[in-house]
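**Q** The sequence shown lines up with residues 5 to 330 when you count with the working numbering.
Please see the structure below; I have some questions.
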Amino acid sequence: MAVRHISLLAYEKELIGLVKAIRHWQSYLWGKQFVVRTDHYTLKFLLEQRSLSSPQQHWVSKLLPFDFKVEYKPGKANTVADALSRRDVDQHSLYAISLPQLDLFDDIRREQQSSSDIQQLITTVLAGTAADVWSFKQGLLFFKNRVYIPPESPSVTLVMTALHNQGHEGYQKTLHRITRDFYWRGMKHMIQDFVRACEVCQRNKTQTLQPAGLLQPLPVPQQIWADISLDFIEGLPNSKGKNVILVVVDRFSKYGHFLALSHPYTAITCSLFFDNNFRLHGLPESMVSDRDVTFTSSFGENCSGCVERNYVSAQLIIHNRTGKPR
Numbered sequence: 005m006a007v008r009h010i011s012l013l014a015y016e017k018e019l020i021g022l023v024k025a026i027r028h029w030q031s032y033l034w035g036k037q038f039v040v041r042t043d044h045y046t047l048k049f050l051l052e053q054r055s056l057s058s059p060q061q062h063w064v065s066k067l068l069p070f071d072f073k074v075e076y077k078p079g080k081a082n083t084v085a086d087a088l089s090r091r092d093v094d095q096h097s098l099y100a101i102s103l104p105q106l107d108l109f110d111d112i113r114r115e116q117q118s119s120s121d122i123q124q125l126i127t128t129v130l131a132g133t134a135a136d137v138w139s140f141k142q143g144l145l146f147f148k149n150r151v152y153i154p155p156e157s158p159s160v161t162l163v164m165t166a167l168h169n170q171g172h173e174g175y176q177k178t179l180h181r182i183t184r185d186f187y188w189r190g191m192k193h194m195i196q197d198f199v200r201a202c203e204v205c206q207r208n209k210t211q212t213l214q215p216a217g218l219l220q221p222l223p224v225p226q227q228i229w230a231d232i233s234l235d236f237i238e239g240l241p242n243s244k245g246k247n248v249i250l251v252v253v254d255r256f257s258k259y260g261h262f263l264a265l266s267h268p269y270t271a272i273t274c275s276l277f278f279d280n281n282f283r284l285h286g287l288p289e290s291m292v293s294d295r296d297v298t299f300t301s302s303f304g305e306n307c308s309g310c311v312e313r314n315y316v317s318a319q320l321i322i323h324n325r326t327g328k329p330r
């Protein structure tokens with residue numbers, strides 16, 4: 005029995021014992037009618053009670069899937085269960101105890117001592133001239149009551165590995181678990197990259213997306229540049245301040261334009277499209293894209309405003325249903 009249950013009433017202790025016993029043998033009791041015999045008289049009326057406290061409701065709710073009735077059997081007649089619950093246990097002597105030694109904080113302490121910048125910061129903290137977010141206790145530098153680790157320290161990888169491996173949770177939960185006790189500069193991006201590269205998570209990650217469904221092929225175009233498809237390539241290294249490519253492909257000839265931009269804002273995308281595509285091929289009859297917010301917001305209205313004519317609404321079809329390569 006847990007420590008928090010020791011102070012409960014005798015009835016509640018007996019109820020918890022009943023619940024734990026049934027749940028322990030549930031593989032044999034599931035779907036069958038059975039009888040529970042107890043020497044605690046008030047449990048006889050367990051299923052007939054009309055008023056239950058919140059803890060009692062919690063435990064009784066765990067018994068609802070089972071079909072059983074409770075019978076009272078005096079303790080002197082319940083000799084078998086009574087003997088097992090009151091059996092003598094030999095007292096053992098504890099000669100030695102072995103606990104795992106955690107050297108992580110010792111390593112962080114040595115790394116802080118070997119850094120001249122951190123030592124200067126510790127000096128200002130001890131002098132009382134540093135910001136209130138910094139503190140020094142137990143030989144360690146703290147930032148907002150969290151152990152500060154130099155970002156280039158090997159301890160960063162050790163902390164991420166130890167706390168992520170406890171449950172192989174996602175980025176947000178791993179970040180929350182680490183930020184409760186530790187801090188280093190740039191930790192959000194480092195933790196995100198670490199979780200993404202976790203081999204165990206990649207092998208066992210649960211797919212949360214809905215099934216893609218059946219393919220919906222697009223009709224074959226009848227002429228060049230009458231029907232086009234658009235998509236973005238994102239997450240590229242910066243080059244002259246640009247890290248996104250707008251891909252515009254003619255669905256008939258498969259000829260494409262690749263337009264670099266800094267961020268796929270709707271107005272910027274529309275302006276870039278007309279400066280580089282419309283001036284060469286005119287306005288297409290249809291545009292096919294995925295459900296990117298740039299295309300589903302006001303891309304059509306901006307395009308029609310640029311050429312002062314009615315815009316034929318782009319057909320928004322998810323790529324994995326068209327069978328077309330991204």
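Note that the Cβ used here is the ideal one computed from N, Cα and C, for glycine as well.
None of the values given here were measured: they were computed from a predicted structure.
Do you know offhand how far K73's Cα is from H28's?
**A** One-based indexing of the sequence shown puts residue 73 at position 69. One-based indexing of the sequence shown puts residue 28 at position 24. Cα to Cα, the separation comes out at about 17 Å.
**Q** Just to confirm my understanding: we take R41, look at its own chain, exclude 5 residues before and 5 after, and list those with CB closer than 7 Å. What are they?
**A** Within the sequence shown, the letter at position 37 stands for residue 41. Closer than 7 Å at the Cβ level, and outside the excluded window around R41, lie E75, K77, N82.
**Q** Exposed or buried, N281, counting other C-beta atoms within 10 Å across all chains shown (16 or more means buried)?
**A** The residue you call residue 281 lines up with position 277 of the sequence shown. By the 10 Å Cβ count, N281 comes out buried.
**Q** Tell me the start and end of each unbroken alpha helix (DSSP H) in the stretch 229 to 287 that is at least 4 residues and wholly inside, in chain order.
**A** Listed in chain order, the complete alpha helix (DSSP H) runs (minimum 4 residues) inside the stretch 229 to 287 are 270 to 277.
**Q** For T270, count neighbouring C-beta atoms within 10 Å of its own C-beta (all shown protein chains included) and say buried if the count is 16 or more, exposed if not.
**A** Reading the sequence shown from its first residue, position 266 is the one you call residue 270. Per the 10 Å Cβ criterion, buried.
**Q** Taking the beta strand (DSSP E) that F198 belongs to, which residues open and close that run?
**A** The residue given as residue 198 occupies position 194 in the sequence shown. Note, F198: premise wrong, no beta strand (DSSP E); alpha helix (DSSP H) at 191 to 200.
**Q** Quick one: residues in its chain with C-beta nearer than 7 Å to the C-beta of F147, no 5 flanking neighbours on either side, listed in chain order?
**A** Numbered from 1 along the sequence shown, position 143 holds the residue referred to as residue 147. So the qualifying residues of the chain are V137, W138, Y187.
**Q** Give me the Cβ distance between L47 and L19, rounded to the nearest whole Å; I'm assuming they're in contact under 8 Å.
**A** The residue you call residue 47 lines up with position 43 of the sequence shown. The residue you call residue 19 lines up with position 15 of the sequence shown. The pair is a contact, with the Cβ atoms about 7 Å apart (cut-off 8 Å).
**Q** So if DSSP puts K73 in a beta bridge, which residue, or which two residues, is it bridged to?
**A** Within the sequence shown, the letter at position 69 stands for residue 73. V39.
**Q** If distances are taken between C-alpha atoms only, which option among R114, L179, H9 comes closest to S159?
**A** As a first step, residue 159 is located in the sequence shown; it is residue number 155 there, counting from the start. Out of R114, L179, H9, R114 has the C-alpha closest to the C-alpha of S159.
**Q** Inspect the CB distances between the stretch 150 to 159 and the stretch 109 to 128 and report whether three or more fall short of 8 Å.
**A** Contact holds: three or more Cβ-Cβ distances are below 8 Å.
**Q** Who are the Cβ neighbours of L67 in its own chain at under 7 Å, not counting the five residues just before and after it?
**A** For the purposes of this step, residue 67 is identified with residue 63 of the sequence shown, where counting begins at 1. Answer for L67: V23, I26, listed in chain order.
**Q** Note down the Cα distance separating S233 from S243, rounded to an integer number of angstroms.
**A** Walking along the sequence shown from the start, residue 233 turns up at place 229. Walking along the sequence shown from the start, residue 243 turns up at place 239. The straight-line gap from Cα to Cα measures roughly 25 Å.
**Q** I believe K246 touches L276 by the beta-carbon criterion, under 8 Å. Please report the beta-carbon distance rounded to the nearest angstrom.
**A** For this step, residue 246 is matched to residue 242 along the sequence shown. For this step, residue 276 is matched to residue 272 along the sequence shown. Their Cβ separation, rounded to whole angstroms, is 11 Å, which puts K246 and L276 out of contact at 8 Å.
**Q** Tell me whether K177 sits in a helix, a strand or coil according to DSSP, three-state version.
**A** Residue 177 sits at position 173 when you count from the first residue of the sequence shown. Of the three classes helix, strand and coil, the one that applies to K177 here is helix, per DSSP.
**Q** Quick test of the definition: if touching needs 3 or more C-beta pairs under 8 Å, does the stretch 189 to 200 touch the stretch 157 to 177?
**A** The answer is yes - the stretch 157 to 177 touches the stretch 189 to 200, with three or more Cβ pairs under 8 Å.
**Q** Select from T161, I122, T165, M164 the residue whose C-alpha is nearest the C-alpha of L144.
**A** As a position in the sequence shown, residue 144 is number 140, starting the count at 1. Of T161, I122, T165, M164, the residue nearest in Cα terms is I122.
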